[in-house]
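Asks: Residue numbering for the sequence shown is 0 to 83, as defined by numbering that gives the first Met the number 0. Every residue gets a Cβ at the ideal spot worked out from N, C-alpha and C, and that includes glycine. Quick one: this structure, given as structure tokens, is what I'll be asking you about.
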Amino acid sequence: MTFSHAARILAYLVLIVGASQLVLGVIIATEALLPYEQALARYAPGAPNSGSVIDRGIQKLIIAVALGTLAEISFRLLKMRGEQ
């Protein structure tokens, strides 16, 4: 049960980080804050382009959904067994 709660919390945290990274990549790509090169250097140091920032955000969102689904399955199984 402890691992189920930890997985749920981790899924929410990864979801927040992934969504913020996705939004940041889109903001950099549209040059909403600064010109492209300056925004990329300031907000995503080490990233070759805004597309890679967006890709990492999408990957984190997929991981968060998968982890959240596994946590919900775990809680549902505990509920069916009457352990919760």
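Counting only the same chain and skipping the five closest in sequence on each side, list residues whose C-beta sits under 8 Å from that of Ser3.
Replies: These residues qualify, in order along the chain: Ala70, Ser73, Phe74 and Leu77.
Asks: Hey, could you find the ends of the alpha helix (DSSP H) Met79 is sitting in?
Replies: Ser49 to Arg80 is the span of the alpha helix (DSSP H), which, as asked, contains Met79.
Asks: Using DSSP with H/G/I as helix, E/B as strand and the rest coil, what is Thr1?
Replies: Here Thr1 sits in helix by DSSP.
Asks: Tell me which residues share the same chain as Ala38 and place their Cβ nearer than 6 Å to its Cβ, disregarding the 5 neighbours each side in the sequence.
Replies: Closer than 6 Å at the Cβ level, and outside the excluded window around Ala38, lie Ile27 and Leu32.
Asks: In whole angstroms, what separates the C-alpha of Gly67 from that of Thr29?
Replies: The straight-line gap from Cα to Cα measures roughly 31 Å.
Asks: Which residue's Cα is closest to the Cα of Gly17: Arg80, Ser51, Ala5 and Met79?
Replies: The residue with the shortest Cα to Cα distance from Gly17 is Ser51.
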